[in-house]
Every structure is written in structure tokens, then in C-alpha cells.
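Protein sequences appear in the order of chains X and B. Mapped onto our numbering, the consecutive letters of the first sequence carry residue numbers 1 to 482. Mapped onto our numbering, the consecutive letters of the second sequence carry residue numbers 1 to 482. Ideal Cβ placement from N, Cα and C applies to all residues, glycine included. This report refers to the structure that appears directly beneath it.
Protein chains: 2
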Amino acid sequence: MQFLLELVGILTNYVRKTFDRSTKVLDFHHPHQLLEGMEGFNLELSDQPESLEQILVDCRDTLKYGVRTGHPRFFNQLSTGLDIIGLAGEWLTSTANTNMFTYEIAPVFVLMEQLTLKKMREMIGWPSGEGDGIFSPGGAISNMYSVMIARYKYFPEVKTKGMSAAPRLVLFTSEHSHYSIKKAGAALGFGSENVVLLSTDERGRVIPADLEAKILDVKQKGYHPLFVNATAGSTVYGAFDPINEIADICEKYDMWLHVDGAWGGGLLMSRKHRHKFSGVERANSVTWNPHKMMGVPLQCSAILVREKGILAGCNSMCAGYLFQPDKQYDVSYDTGDKAIQCGRHVDIFKFWLMWKAKGTIGFEQHIDKCLDLSQYLYDKIRNRQGYEMVFQGVPQHTNVCFWYIPPSLRGLEHNSEEYREKLHKVAPKIKAMMMESGTTMVGYQPQGQKVNFFRMVVSNPAALQSDIDFLIDEIERLGHDL
Amino acid sequence: MQFLLELVGILTNYVRKTFDRSTKVLDFHHPHQLLEGMEGFNLELSDQPESLEQILVDCRDTLKYGVRTGHPRFFNQLSTGLDIIGLAGEWLTSTANTNMFTYEIAPVFVLMEQLTLKKMREMIGWPSGEGDGIFSPGGAISNMYSVMIARYKYFPEVKTKGMSAAPRLVLFTSEHSHYSIKKAGAALGFGSENVVLLSTDERGRVIPADLEAKILDVKQKGYHPLFVNATAGSTVYGAFDPINEIADICEKYDMWLHVDGAWGGGLLMSRKHRHKFSGVERANSVTWNPHKMMGVPLQCSAILVREKGILAGCNSMCAGYLFQPDKQYDVSYDTGDKAIQCGRHVDIFKFWLMWKAKGTIGFEQHIDKCLDLSQYLYDKIRNRQGYEMVFQGVPQHTNVCFWYIPPSLRGLEHNSEEYREKLHKVAPKIKAMMMESGTTMVGYQPQGQKVNFFRMVVSNPAALQSDIDFLIDEIERLGHDL
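As C-alpha cells, this is what we get:
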């Protein structure tokens with residue numbers, strides 16, 4: 001117990017410093033440096049035990065050489081920030097150390113999951129919040145669920161007979177969508193070639209006419225168009241596909257409509273921004289990751305399904321040792337057989353607790369504030385010297401995509417190969433310097449024909465306008481002489 | 001911060017009471033009772049925030065109506081116990097709140113995972129601990145990985161072209177094996193009918209001759225035998241399939257051999273018991289869940305693979321926004337593209353920390369002690385009046401399977417339908433009474449033609465001989481008058 005309290009001292013100290021802007025975001029070292037053992041921090045495991053004192057030192061070192069994802073200037077991923085209530089929820093969850101598969105050993109958590117999923121379905125707009133759902137270990141697995149249940153809905157015999165019982169099935173998703181749809185296609189036996197990528201407009205939104213043309217093409221080849229994924233908040237551009245128009249096409253061709261709102265889902269909680277989800281109530285399934293835009297600690301992802309019972313139909317195998325029918329309580333609360341997992345971590349409690357503590361309006365305020373901040377960034381850089389926006393127009397989500405053009409490049413012809421080659425190297429160089437100086441972190445990537453650009457996202461509740469100002473200054477400071 | 005410290009007070013108090021045998025294991029309530037709101041414990045979410053004071057009350061209530069899985073008399077699942085170092089590891093993990101996909105944001109954890117997986121591969125016996133692996137969200141997903149990579153090894157074109165690019169593929173696993181193999185077969189597009197169940201001896205171990213006969217049968221039908229799962233520690237009987245004999249057959253027919261050591265894996269750390277894994281070094285892949293027998297908090301499961309690079313080959317999709325090739329560090333440390341997940345929870349730290357604190361010998365002592373305790377139980381009941389063993393012989397793992405026969409049934413003809421029907425109801429009744437009195441918890445289930453019996457397992461480091469004695473007394477107290 002004394003040990004645990006000493007650890008808590010280390011952790012609360014870490015949290016305090018994380019919120020202090022004078023603390024570095026990270027203290028970068030290369031893999032070989034850490035493997036060689038920094039100042040006695042030895043990662044190797046051995047036969048003999050270490051003292052509790054040494055264990056505390058190990059804990060301190062682990063934090064020291066890590067990355068402060070809760071730091072107000074950490075903008076590197078979609079999941080940032082450190083919510084204290086969410087953290088408390090995780091600490092309680094790990095103390096309770098139980099498993100979601102049965103009501104028997106997780107009565108409270110099972111009910112919390114059920115009630116929370118219902119609230120989420122209400123926000124999607126399904127009548128009375130009816131339907132189904134489950135928390136999964138992340139958005140990729142949630143998206144995988146959507147493909148599985150779509151297949152089960154139209155070709156239930158695949159569960160027993162395999163893919164040979166169905167015609168060649170085709171999935172459709174935007175070229176800007178998350179790679180997990182393609183991964184699911186490969187894993188589940190469709191084949192990645194049967195995941196057709198849809199063209200987008202310059203803002204990264206699916207062009208409905210392209211979807212319809214590609215469906216017709218697939219049908220003409222004699223294949224079966226099964227599933228469309230509409231992305232609500234794409235990873236790089238933050239684009240929202242036009243759900244209503246896609247839903248019309250799905251209805252016309254009798255296809256499953258999934259909405260991947262892993263990143264955008266939080267906007268459903270904002271009266272100001274939820275219109276971007278217009279039509280989501282027509283979806284058959286929705287992925288929504290509270291661990292992204294809503295600041296819930298990792299992992300917390302939900303797959304929500306309009307049709308009740310289909311998750312169990314798709315996945316149940318009725319294991320006798322877990323799901324005994326002759327228990328003394330209502331065994332419909334044993335939800336584990338719906339999952340592709342057996343044991344399942346309790347991801348619900350931290351989210352439930354944050355919802356209690358903030359209320360729906362607290363999440364709304366957080367979302368609105370993050371979108372305001374990204375609009376602030378957009379307004380600040382769109383006409384600023386040395387910046388070029390990757391696409392025009394106010395961001396739909398908090399993603400702001402831009403190039404920083406160092407003075408040495410500004411005179412070059414923008415369409416020349418030399419310019420492109422040089423510009424491609426700017427973001428990685430600035431990023432490397434950021435990490436080495438430890439001041440801030442922001443993501444970059446190429447996209448299609450576009451060379452490396454920065455993708456700024458805001459999901460951290462601790463971020464302020466001054467942090468956005470800092471980021472701009474820092475990019476200019478580090479990039480000016482490139 | 002004050003709030004966090006108050007929560008820690010609640011949690012440490014909970015932990016203290018959990019280890020106190022006078023505390024109940026659970027305070028059972030039916031779903032409708034909890035939903036109606038016990039003494040003001042309101043599970044519903046609302047628009048408005050609650051006070052921090054109320055949040056602390058909610059935390060207390062959540063624990064109060066839950067199940068103490070760390071209690072020395074909780075024997076209900078394969079995962080039991082509450083290791084304080086492991087708990088500390090989880091608290092630190094949630095404070096660091098990062099993601100395993102890149103070295104960039106999880107440098108220390110990525111290296112810990114790599115070193116720990118290598119140690120585990122060394123224990124399996126692969127030369128120099130070479131190979132591959134990843135931590136996944138549980139044994140079912142780890143087993144799913146094994147099926148995916150087996151398919152990729154023999155039919156890599158399935159990744160792009162789908163199952164139609166391969167002949168009809170068949171998986172083999174024991175009728176006693178975990179249901180996740182069948183789930184994987186259904187999910188990945190093989191179809192559950194193409195998961196052939198193997199017959200076992202009376203101890204629940206696969207009969208190699210049956211495997212070979214079934215392979216020949218499948219080949220004769222023109223299908224392709226792809227994969228055999230050998231279980232090392234079956235869920236109900238704790239049986240270890242004969243790996244060497246199965247490996248011989250896999251070699252003969254050029255098939256993938258997976259060993260599901262989700263439950264048994266810990267025994268690899270015991271010099272006394274690791275012989276039960278004899279031949280495991282011949283496996284192509286191994287599932288091993290430290291969150292079961294080794295007492296690591298949930299979730300902590302590894303899939304280990306002999307061939308290096310095959311996980312990435314099978315799963316990579318090279319997402320540009322995460323796995324940029326032009327980073328400043330050695331990007332071979334960005335391991336996220338090996339996974340079917342994108343975001344991935346940090347499951348390694350608590351395990352690494354426990355290994356540091358206990359050393360390999362600490363795990364060995366824990367394993368040996370648990371197996372001794374189950375032998376103690378076995379010796380105590382095998383000839384005791386009112387007990388009948390489900391199978392004869394010393395348990396291979398900590399699973400002890402038995403019927404308790406109340407006095408009213410002892411005079412009945414054991415082969416009669418009346419006896420079977422009555423006996424089938426005994427374990428559920430005793431279990432219900434256990435839960436209502438909150439004194440202890442142990443699992444039960446039917447298996448094949450065998451009516452409901454108790455499955456006792458020991459993985460809790462806090463359990464003592466006196467707790468085994470207590471369990472026996474409690475079963476007799478509650479069951480005597482049935």
C-alpha cells in the first residue's frame with residue numbers, strides 16, 4: 001500500500017508537470033540509446049526480482065522517456081489530452097480488474113455499457129435509441145465489426161460455410177477513408193482488391209456519382225456490391241462524406257451503409273456541428289470513438305448497430321462454460337457472445353464517469369471549443385506569408401492541413417519538380433527538430449499527389465489560443481532557414 | 001488533484017478489504033434492481049454535470065455493487081487476483097495514456113514490448129528468441145491472428161483477392177478447445193463448418209490418430225487442410241494436447257501448427273511444469289495470456305510467431321499518415337502496421353513491471369503454488385463422500401472438475417435419466433446460492449454428454465489451502481439439502 005501511495009505521488013507530479021507549458025512534450029532518444037540504458041534505466045528482464053525502490057525508479061524513468069500526450073502542445077494524434085475524471089475512471093477500472101463477458105462478474109459495468117450505448121444511439125437518431133452495439137478495442141475493430149455484420153445480414157450462410165457460399169462481395173469506401181476498412185476486407189476474406197476506393201472532391205468528400213458509377217461497374221462484372229463506408233471526419237482532412245446522398249444510393253441498390261465516425265463522432269454532441277452528420281440515422285451501423293474527439297482515455301470505441309440482435313446472430317458460438325442458460329439472473333445481460341473477443345476489457349466506466357461529471361453539455365462545450373480553436377488557426381494562417389492551405393474553405397472538423405514554405409522556396413515555380421521535392425522534405429525536417437527540442441508535436445503526411453504537409457488537429461481540452469500561436473511561431477522558428 | 005487523491009483513498013480501501021476474507025466476494029443484485037437505482041445509485045446519464053462529490057459517491061457505489069475478482073475466494077474465471085505491482089503498472093499506463101502504433105509516441109513501451117516478446121519466445125524455445133509477435137486485446141484475437149497468418153503463409157494472395165483465390169481451407173481444433181478458433185473461422189471467411197473438431201481422450205486431450213484420419217478425410221474431399229490448433233491448457237479440463245505428436249502430423253501434411261497457450265502459457269515459466277509444453281518449439285505460432293495464469297491485470301495477451309516479418313506481411317496497409325518512411329528515427333520500430341488494430345492500448349507495461357518486480361523465479365513460484373493448491377483440492381475430494389471426479393488422474397493444470405452429489409441423490413442409479421436430470425441442476429443451484437450469500441464463486445458448465453459440473457481453477461496468488469477448505473465446506477453447506 002505504501003508502494004502504491006508513493007507511485008501515486010509520482011503520477012500526480014507527472015500530471016501536474018504535463019499541464020505546465022514550461023515542461024517539454026518529450027525528451028527524445030533514438031531506440032538504440034534507450035536500449036543501451038539511459039542513466040541506468042535498464043529495460044531488460046531478468047530471473048531475479050528487483051526491489052520496490054528500484055521499481056519506483058523504473059516507473060519514474062518510464063515516464064521521463066515517454067511522450068506527454070496530455071501536454072497542451074501535443075497535437076500529434078487524434079487522441080490527445082488527459083482528462084482527470086477519465087483518468088480516475090481508468091484507475092478504478094484497473095482496481096476492479098474484471099471482464100465484460102458476463103453480468104455475473106461485471107454487473108455494474110454491463111449495465112453502464114447498455115445505458116451508454118442507448119444514449120449514443122439516441123444521439124444518432126435511431127427511434128427510441130433502439131438497436132445494438134458493443135465497445136471494442138478500437139476504431140479498426142469497430143469498423144471490422146460493421147463489415148462482418150453487413151455480410152451476415154445479406155449472406156448469413158457465410159458464417160457456417162465460408163466466403164464460397166456468397167458471390168464475390170465488394171466494399172466501397174473513400175480514398176480518404178481510414179485504412180482499417182481495407183484491413184478488414186483483407187482479414188475477413190474479401191480481399192483488399194474487393195475494397196473499391198471512391199473518388200473525392202478537393203475537400204476529401206466522397207463524390208456520390210462516383211459511388212454509383214462504381215457500383216454499376218461492379219454489378220456489370222457480376223459481383224455483388226455489399227457495403228458502403230461513409231466517413232464522418234476523415235483522418236487527414238477531417239472531411240465528412242455526404243451521408244444522405246450516399247444513403248439514397250445504398251437504398252437504391254440494397255446495400256449496407258456504415259458511417260465511420262471514429263474521429264467525427266463527438267460532433268453528434270454539439271448542436272452547432274451535428275448537422276455535419278445529417279442522414280446518419282439512415283446508417284445501418286456507426287463507429288464512434290469517445291477516445292478521440294471526446295478526450296476519453298484510450299481505449300474507448302463503440303460500434304453501434306441499428307438492427308437489434310444481429311451482432312449476436314453474427315458472432316455467437318454459445319460457449320457452455322461462460323454463457324450457461326441456467327443462471328439465476330436474466331442471462332440476456334450476458335453480452336459477451338456478441339463479441340469477436342472472449343475476455344473483454346472494461347472500457348465503459350471512464351466514459352460513463354466523464355459523462356456524469358461533464359453532462360452532455362460539457363462534451364458539447366469541449367467539442368465547440370476545439371472547433372473554434374481550429375478555426376482560429378485557419379483564420380490566422382490562410383493568408384499569412386509562408387503558408388499554403390492544402391484545401392480551401394473553413395475546416396469541417398478540427399483538421400487544418402497546410403504547407404509551411406520556408407523563404408528559400410518561396411521564389412521557386414510551384415509546379416516545378418524541384419519545388420515539390422524540396423517542399424516534401426520540409427515537414428519531416430521541422431517535425432524532427434520539434435521532437436528533438438521537445439517543444440510541440442504535430443503530424444504530417446503526403447496524400448495522393450500532394451507532398452508532405454502538416455495536419456493540425458485539436459482534441460486536447462487543455463489547448464488554448466496561445467498554444468496555437470506557439471505552434472505557428474515554432475514552425476517558423478524551426479523552418480525559417482531550411 | 002484533490003479529487004484524484006480522494007479517489008485513491010477509496011481505491012486503496014477497496015483493495016484492503018478485497019484481501020480481507022471477512023469481506024463478501026460480491027453483493028448480488030439482479031439487473032432490474034440495479035437499473036431501478038440502489039439507494040440512490042443512478043446509472044442514467046444526463047445533460048447536466050454532477051458535482052465532484054457525487055462522482056466520488058458514484059465511484060464508491062460502482063465498487064460496492066461489483067464483484068471482487070481479487071478476493072482470495074474468487075475462483076470463477078481463469079483471470080483472478082489483484083497484483084499490486086500490476087495495478088501500479090495499469091495506473092501508470094493510464095496516466096501516460098498513449099498508443100502503441102508508433103515509436104514516436106510510445107518509445108519506451110514499444111521497446112518494452114519488443115524485449116518482453118523476445119523473452120517469451122526464448123521460453124518457447126525458438127532459437128535466440130527470434131521471431132515476431134504482438135500484444136493483442138485478448139486470447140480470442142491472438143488466436144484469430146494465428147489463423148490469419150497461417151492463411152497468409154500458404155495463400156498470400158487471399159490478402160488481395162479474397163478467399164476465392166484459395167481452395168476450400170480447413171482448420172482443426174479439439175472439441176475441448178476454446179470457442180475462439182471457431183469464431184475466427186466464421187469471422188475470417190472460412191466458415192465454422194470448415195473448423196473440424198477433433199476427438200479427445202477422457203482427459204480432454206486430442207487423439208493424434210483422429211487428427212490424421214480427419215486430415216485424410218478432408219484431403220479426400222478435395223479440401224485443403226491448413227491449420228491445427230493444439231490447446232495447452234484447455235478452458236474446462238485444463239488439458240494439454242500432445243504437441244509433439246501433433247507437430248509430426250503437421251510436418252507430414254505441411255500444415256501450420258498453432259499452440260493456444262492462453263491459459264497454460266504461464267507454465268512455461270515453471271521448471272517443474274513446462275514439460276507439459278513439450279514440443280512447443282515446433283509450433284509456428286503460440287497464444288499466451290499473461291492476464292490469466294500469471295496474474296497480470298486484464299488485458300494482456302500475446303501472439304508469438306516463429307517466422308519474422310510474416311505479421312507485417314499479412315496485415316500491413318502502409319497508412320501514410322502514421323507510418324511515414326521519412327522520420328528521423330529507425331522506423332522499423334513503428335510496429336503498428338503489423339496489427340489488425342490501428343490505435344492499440346499499452347498492455348505491456350504492467351506485465352513488464354511485474355516481471356521486473358518478481359523476476360522469472362517469482363512467476364515460477366506463483367505457478368507452482370497454484371498447481372500445488374489444485375493438487376491439494378484434488379487429493380482432498382477425489383475420495384471424499386459426495387464427490388465424483390469428471391475425469392480421473394492428477395490435474396495437468398489447476399483445473400479440477402467435479403460433481404457434488406447431495407445426499408438425496410446418492411442412492412439413485414447413476415446411469416438413470418432421473419439422476420442425470422437432478423444432478424444437472426445441482427451446480428447451478430449451489431452457484432446461485434453462493435452468489436446470493438456472496439461467500440465465494442466458482443464456475444460450472446456441462447461438457448458434451450456430461451451434465452453440469454464444477455470447474456475449479458486457481459490463479460489467484462492470494463488463495464491459500466484454507467480457502468480451498470472453505471470452498472469445499474461451502475459447497476457442502478449450500479448443497480447438502482438439495
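- Residues of the stretch 82-95 of chain X whose Cβ lies closer than 7 Å to any Cβ of chain B, in chain order: LEU82, ILE84, ILE85, LEU87, ALA88, GLU90, TRP91, LEU92, SER94, THR95.
- Along the stretch 68-82 of chain X, the positions whose C-beta sits under 7 Å from a C-beta of chain B are THR69, GLY70, ASN76, GLN77, SER79, LEU82, read in chain order.
- About 12 Å separates the Cβ atoms of VAL442 of chain X and GLY479 of chain X, ruling out a contact at the 8 Å cut-off.
- It is roughly 10 Å from the alpha-carbon of ILE405 of chain X to the alpha-carbon of ILE475 of chain X.
- If you draw a straight line from the Cα of CYS314 of chain B to the Cα of ALA140 of chain X, it is about 16 Å long.
- Annotation for MET255 of chain X: PRO225, LEU226, PHE227, VAL228 place their beta carbon closer than 7 Å to its own, counting only its chain and skipping 5 residues before and after.
- Against chain X, the beta carbon of LYS358 of chain B has neighbours under 8 Å at PRO49, listed in chain order.
- Scanning the stretch 175-246 of chain B for uninterrupted beta strand (DSSP E) segments of 3 residues or longer gives 195-198, 224-231, listed from N- to C-terminal end.
- Contact with chain B is absent for TRP263 of chain X, since none of that chain's Cβ atoms lies less than 7 Å from the residue's Cβ.
- Under the Cβ distance rule, TRP403 of chain X does not count among the residues neighbouring chain B, no pair being separated by less than 7 Å.
- For ALA140 of chain B, the enclosing alpha helix (DSSP H) begins and ends at 139-154.
- For LEU257 of chain X, the pairing in a beta bridge is given by DSSP as X:VAL228.
- Taking the beta carbon of PRO446 of chain X as reference, the chain B residues within 7 Å of it are GLY320, listed in sequence order.
- In summary, LYS369 of chain B is exposed, with fewer than 16 beta-carbon neighbours lying within 10 Å of its beta-carbon over all protein chains present.
- Spatial neighbours of SER374 of chain B in its own chain (CB-CB distance under 6 Å, excluding positions within 5 residues in sequence) are listed in chain order as PRO395, THR398, VAL400, VAL458.
- Closest in C-alpha terms to TYR223 of chain X, from the list X:GLY81, X:ALA432, X:LEU171, comes X:LEU171.
- Between GLY89 of chain B and LEU371 of chain B, the C-beta spacing is not below 7 Å.
- Secondary structure of THR287 of chain X (DSSP, three-state): strand.
- Taking a beta-carbon distance threshold of 7 Å, ASP330 of chain B counts as an interface residue toward chain X.
- With respect to chain B, the C-beta atom of GLY162 of chain X has a partner C-beta closer than 7 Å.
- For the C-beta of ASN315 of chain B, the chain X residues within less than 8 Å are, from N- to C-terminus, LYS183, ALA186, ALA187.
- Chain B has a Cβ within less than 7 Å of the Cβ of ILE361 of chain X.
- Here MET123 of chain B has LEU268 as same chain residues with Cβ atoms under 6 Å from its own Cβ, once five neighbours each way along the sequence are excluded.
- Counted as a single uninterrupted DSSP element, the stretch harbouring SER270 of chain B is not any beta strand (DSSP E), since DSSP gives it neither H nor E.
- Going by beta carbons, VAL305 of chain B and GLY133 of chain B fall inside the 7 Å limit.
- PRO406 of chain B has a beta carbon lying at 7 Å or more from every beta carbon in chain X.
- With its beta carbon less than 7 Å from one in chain B, GLN341 of chain X belongs to the interface.
- Bounds of the beta strand (DSSP E) holding LYS450 of chain B are 450-456.
- Listed by position along chain X, the residues whose Cβ is nearer than 8 Å to that of CYS59 of chain B are ALA88, LEU92, LEU353.
- The beta carbon of PHE155 of chain B is closer than 7 Å to those of ALA165, ALA166 in its chain, skipping five residues each way along the sequence.
- The C-beta separation of SER136 of chain X from ILE303 of chain X comes to about 6 Å, placing the pair in contact by the 8 Å criterion.
- In the structure shown, GLN54 of chain X adopts helical secondary structure according to DSSP, grouped into three states.
- In this structure, THR12 of chain B sits near MET1 of chain X, with a CB-CB distance shorter than 7 Å.
- A Cβ-Cβ distance of about 18 Å is found for the pair TRP355 of chain B and SER94 of chain X, leaving them out of contact under the 8 Å criterion.
- Contact annotation: the stretch 53-72 of chain B touches the stretch 95-112 of chain X, with at least three C-beta pairs closer than 8 Å.
- Straight through space, the alpha carbons of VAL158 of chain X and TYR152 of chain X are spaced by roughly 7 Å.
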